[in-house]
Amino acid sequence: EDQVTQSPEALRLQEGESSSLNCSYTVSGLRGLFWYRQDPGKGPEFLFTLYSAGEEKEKERLKATLTKKESFLHITAPKPEDSATYLCAVHSTSGTYKYIFGTGTRLKVLA
Amino acid sequence: SAVISQKPSRDICQRGTSLTIQCQVDSQVTMMFWYRQQPGQSLTLIATANQGSEATYESGFVIDKFPISRPNLTFSTLTVSNMSPEDSSIYLCSVLHTGYEQYFGPGTRLTVT
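Those protein sequences? They're chains Z and V, same order as listed. With the numbering used here applied, the first sequence covers 1 to 111. With the numbering used here applied, the second sequence covers 112 to 224.
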């Protein structure tokens, strides 16, 4: 069964304190892994797509990496405005367009 | 990316009534999806809506409870029928954009009393 696990559930960082969020996945075949940011009361905002092991994507203070079993979202020198829930989702090669979402990491960056 | 709007943004409804949520996209898309996000939880797919065909529902969701319309390539509706407090959630529509990327609307926050 396809499965996505994110850790930690919650993370508190001081402004400027870099860290990483983890997304472990089990799928029959990976078509894509996606990272989203979700602010309270809003829909998920698309950040990155990763398709194959070794791939990396960057956007401002965020960098996403992918291995055959997990993905990391690295946050470098975070700011308070980076506070949000970060969601990971996978799309398997099972033949449908269904995403499997993790439960997210709630990030709080303190000034 | 696609720009997606939803109406209403929030509503408070009485148990036993129905609510129809609208999803509008600024470009033509083939596939649209409806998700539910219960408080403190992640997203669960309700159904996939393709224009010109019946919606495909995920396990645990049925058409009588969540009827979906997809009259054209830019619009869809989800109705939550005969509501109970357990239906209190955020309902999100999304569209399949380039490749396999999904873009989400802002969500509809539903509270059932």
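Think of the CB as a built atom: it goes at the ideal place given N, C-alpha and C, for glycine as much as any other residue. Treat the numbers as computed from the prediction; the structure is a model and nothing was measured.
- Message: Taking its Cβ as the centre, do 16 or more other Cβ atoms sit within 10 Å of glycine 32/Z, making it buried, or is it exposed?
- Response: Mapped onto the first sequence, residue 32/Z falls at position 32. Within 10 angstroms of the beta-carbon of glycine 32/Z lie 16 or more other beta-carbons, which makes it buried.
- Excluding the five sequence neighbours on either side, which residues of its own chain have a C-beta within less than 8 Å of the C-beta of threonine 224/V, listed in chain order? Stepping through the second sequence from its first residue, residue 224/V is reached at position 113. If we look at threonine 224/V and ignore the five residues flanking it on each side, its Cβ neighbours are Ile123, Cys124, Gln125, Arg126, Pro196.
- Query: Considering only residues of the same chain and omitting the five flanking positions on each side of threonine 96/Z, which have a CB-CB separation below 8 Å?
  - Reply: In the first sequence, counting from the first residue as 1, residue 96/Z sits at position 96. So no residue of the chain qualifies.
- Query: Listing by chain order, which chain Z residues have their CB less than 7 Å from the CB of methionine 142/V?
  - Reply: The residue given as residue 142/V occupies position 31 in the second sequence. Residues of chain Z with a Cβ closer than 7 Å to the Cβ of methionine 142/V are, in chain order, Tyr97.
- Are the stretch 139-150 of chain V and the stretch 194-209 of chain V in contact at 8 Å, needing three or more beta carbon pairs? These segments touch.
- Message: Please state whether the Cβ-Cβ distance between serine 92/Z and serine 28/Z is less than 7 Å.
- Response: As a first step, residue 92/Z must be located in the first sequence, where it is residue number 92. As a first step, residue 28/Z must be located in the first sequence, where it is residue number 28. Taking 7 Å as the cut-off, the Cβ atoms of serine 92/Z and serine 28/Z count as close.
- Message: Please state whether the Cβ-Cβ distance between aspartate 137/V and valine 114/V is less than 7 Å.
- Response: Translated into positions along the second sequence, residue 137/V becomes position 26. Translated into positions along the second sequence, residue 114/V becomes position 3. Their beta carbons are under 7 Å apart, which means aspartate 137/V touches valine 114/V by this criterion.
- Task: Assign glutamine 117/V to buried or exposed, taking buried as 16 or more other Cβ atoms, counted over all protein chains shown, within 10 Å of its Cβ.
- Result: Position 6 of the second sequence, counted from the start, is the residue given in the question as residue 117/V. The residue is buried, with at least 16 neighbouring Cβ atoms inside 10 Å.
- Which residues, in order along the stretch 212-224 of chain V, keep a beta-carbon less than 8 Å from a beta-carbon of chain Z? Result list: Glu212, Gln213, Tyr214, Phe215, Gly216, Pro217, Gly218, Arg220.
- Message: Let me confirm a value: proline 44/Z is counted as buried when at least 16 other C-beta atoms fall within 10 Å, else exposed. Which label applies?
- Response: Locating residue 44/Z in the first sequence gives position 44, counting from the first residue. For proline 44/Z, the number of other beta carbons within 10 angstroms of its own is at least 16, and it is reported as buried.
- Considering leucine 184/V, what are the terminal residues of the beta strand (DSSP E) in which it resides? The residue labelled residue 184/V in the question sits at position 73 within the second sequence. For leucine 184/V, no beta strand (DSSP E) encloses it, and the DSSP letter there is neither H nor E.
- Using the Cα positions of threonine 26/Z and glutamate 1/Z, report the straight-line distance between them to the nearest angstrom. What you label residue 26/Z is simply residue 26 of the first sequence in a count that begins at 1. What you label residue 1/Z is simply residue 1 of the first sequence in a count that begins at 1. Roughly 8 Å separates the two Cα atoms.
- Kindly identify the DSSP beta-bridge partner or partners of serine 195/V. Taking the second sequence and counting its residues from 1, one reaches residue 195/V at position 84. Checking the DSSP bridge columns, you'll see serine 195/V has no partner listed.
- Query: Are the beta-carbon atoms belonging to serine 153/V and serine 192/V less than 7 Å from one another?
  - Reply: By one-based count along the second sequence, residue 153/V stands at place 42. By one-based count along the second sequence, residue 192/V stands at place 81. Note that the C-beta distance between serine 153/V and serine 192/V is not below 7 Å.
- With C-beta atoms as the reference, is lysine 108/Z less than 7 Å away from arginine 12/Z? Working through the first sequence from its first residue, we reach residue 108/Z at position 108. Working through the first sequence from its first residue, we reach residue 12/Z at position 12. Yes, the Cβ-Cβ distance between lysine 108/Z and arginine 12/Z is below 7 Å.
- Message: Which residue wins for smallest C-alpha separation from threonine 49/Z, given the options Thr167/V, His208/V, Leu221/V?
- Response: Looking up residue 49/Z in the first sequence gives position 49. When each option's Cα is compared against that of threonine 49/Z, the closest is His208/V.
- Message: So the candidates are Lys42/Z, Lys57/Z, Thr85/Z, Leu87/Z; which of them puts its Cα closest to the Cα of arginine 220/V?
- Response: Sequence index remark: in the second sequence, residue 220/V carries index 109 (1-based). Measuring from the Cα of arginine 220/V, the nearest candidate turns out to be Lys42/Z.
- Beta carbon proximity, leucine 203/V to chain Z, threshold 7 Å: Here residue 203/V refers to the residue found at position 92 when the second sequence is read from its first residue. Taking 7 Å as the CB threshold, leucine 203/V lines the interface with chain Z.
- Which residue or residues does DSSP assign as beta-bridge partners of serine 133/V? Numbered from 1 along the second sequence, position 22 holds the residue referred to as residue 133/V. One point to set straight first is that residue 133/V is glutamine, not serine, in the sequence displayed. Note: glutamine 133/V is bridge-paired with Lys118/V, Thr188/V in the DSSP secondary-structure output.
- Measure the alpha-carbon distance for threonine 155/V versus leucine 110/Z and round it to whole angstroms. Counting from one through the second sequence, the residue named residue 155/V turns up at place 44. Counting from one through the first sequence, the residue named residue 110/Z turns up at place 110. So the two alpha carbons sit approximately 31 Å from each other.
- Message: Does the CB of histidine 74/Z have a neighbour CB from chain V at under 7 Å?
- Response: As a working note, residue 74/Z is residue 74 in the first sequence. Cβ-Cβ to chain V under 7 Å: no for histidine 74/Z.
- Item | Local Cβ density within 10 Å of tyrosine 99/Z, reported as buried at 16 or more and exposed below that | Walking along the first sequence from the start, residue 99/Z turns up at place 99. Counting every other CB atom within 10 Å of its CB across the protein chains shown gives tyrosine 99/Z a total of 16 or more, marking it as buried.
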